Ligand SMILES: [Zn+2]
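Residue numbers (this note's numbering): 1332 to 1699.
Set out below in structure tokens:
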């Protein structure tokens, strides 16, 4: 069977099928209005508390640097002292470094490069010194080879056209094969995987800068781990740790929008501060409250939490299980994710079997 091109997946067909399968849920105007009012109130508070906003914006960076330092200068020596088997030490190292690197990228690339809100652009921060610091902070994802310029352009389109064909991230319906191909080691850098957002295909000026900035840190991490793992540290640092981070990142992107087909700001879901939300979301400052982020993209990470807790009180049971699926603890993260991918598979099957309808919306099926 011919592979179904993603651009011809037929958004209307998916919408129709998700409605039929009761996977779609509209939000009434009162809920929308109350949510918008509360989000506005949070934005005003954020603006009126520049010091708090500055401290909390920088806090994740400080904590992640401490976590990184702790790995190389505390945890590895401790494991060695306690005669930890080398294979176990390597597993701990890869997972730890992978998760810290992932959390760093999602915060500095999304909140930093994408939305420029690690330090907000307020009147108090208008000096040249602050502007330079602000600029540098929003480039920090380059330390892990990500490209903030590429990301910003794509992410803008994602927010503006969420849930429509113009949203080029195509994360409202993720083909299972697309996800699986992105989970192979090295998928974050290899050409055959188009399901990545941290960097573009073109080797342009911005991508070269990211390589120039990222390489010294990569070499430094290999150097620091060499005395523990020898030549293996090259593979652990440059392939396996980034791979762990990339797996969580792809699972995250498949979970935030997949089968939430509403257009606009309500086209996303929150995982909340669940284990799944914190780990798959890339840390408490990552994307554990993605619906809250779409409802008010200018809110900093801690205010996304507050909007999430407000939604938890405001929405009814049915709306909560749709938009905040892990909040009620009805299912574990693993169950939620496998269920989601299974629904994709079933919808795809129905799409392929219903050729009359599919021919109308997805022309390529007629050629199979
Ligand atoms: Zn965003």
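Quick reminder that beta carbons are idealized off the backbone N, C-alpha and C, glycines included. Just so we're clear, the structure is a prediction, and the values are computed from it rather than from any experiment.
Going by other Cβ atoms of all chains shown within 10 Å of its Cβ, with 16 needed for buried, is residue i buried or exposed?
i: residue 1507; result: exposed
i: residue 1367; result: exposed
i: residue 1479; result: buried
i: residue 1511; result: exposed
i: residue 1663; result: exposed
i: residue 1601; result: buried
i: residue 1561; result: exposed
i: residue 1712; result: Residue 1712 lies beyond the range of the chain shown here (1332 to 1699); nothing can be said about it.
i: residue 1596; result: buried
i: residue 1611; result: buried
i: residue 1408; result: exposed
i: residue 1439; result: buried
I need the DSSP call for residue i, collapsed to helix, strand or coil.
i: residue 1595; result: helix
i: residue 1674; result: helix
i: residue 1567; result: helix
i: residue 1696; result: Confidence at residue 1696 is low in this model, with a pLDDT of 29, below 50, so its placement is unreliable and the value that follows should be read with caution. Correct three-state label for residue 1696: helix.
i: residue 1282; result: Limits of the chain in this structure are 1332 at one end and 1699 at the other, which puts residue 1282 out of reach.
i: residue 1656; result: coil
i: residue 1614; result: coil
i: residue 1376; result: helix
i: residue 1600; result: coil
i: residue 1485; result: helix
i: residue 1530; result: coil
i: residue 1436; result: helix
i: residue 1680; result: helix
i: residue 1492; result: coil
i: residue 1585; result: helix
i: residue 1478; result: coil
i: residue 1414; result: coil
i: residue 1663; result: coil
i: residue 1634; result: helix
i: residue 1627; result: coil
So residue i and residue j are supposed to be a Cβ contact under 8 angstroms. How far apart are they, rounded?
i: residue 1493; j: residue 1598; result: 4 angstroms
i: residue 1374; j: residue 1629; result: 6 angstroms
Subject >> Meets three-Cβ-pair contact criterion under 8 angstroms: the region 1429-1445 and the region 1377-1384 >> reply: no
Original post:
Touch check for the region 1601-1610 and the region 1440-1459: three-plus C-beta pairs under 8 angstroms?
Top reply: no
**OP:** Kindly provide the chain-ordered list of residues whose Cβ lies closer than 6 angstroms to any non-hydrogen atom of ligand 1.
**Re:** 1441, 1445, 1446, 1486, 1490, 1624, 1628
Original post:
Three or more beta-carbon pairs under 8 angstroms between the region 1391-1404 and the region 1431-1442, yes or no?
Top reply: yes
Subject >> Cβ contact check for the region 1617-1624 and the region 1531-1546: 3 or more pairs under 8 angstroms >> reply: no
Original post:
With contact counted as at least three CB pairs below 8 angstroms, one residue from each stretch, are the region 1406-1426 and the region 1443-1454 in contact?
Top reply: no
Original post:
Do the region 1465-1480 and the region 1545-1554 touch if we need at least three Cβ pairs shorter than 8 angstroms?
Top reply: yes
Subject >> contact_flag[the region 1629-1642, the region 1532-1539] where n(CB pairs < 8 angstroms) is 3 or more >> reply: Using a Cβ-Cβ distance cut-off of 8 angstroms, the region 1629-1642 and the region 1532-1539 are not in contact, since fewer than three pairs of beta carbons, one from each stretch, lie closer than that value.
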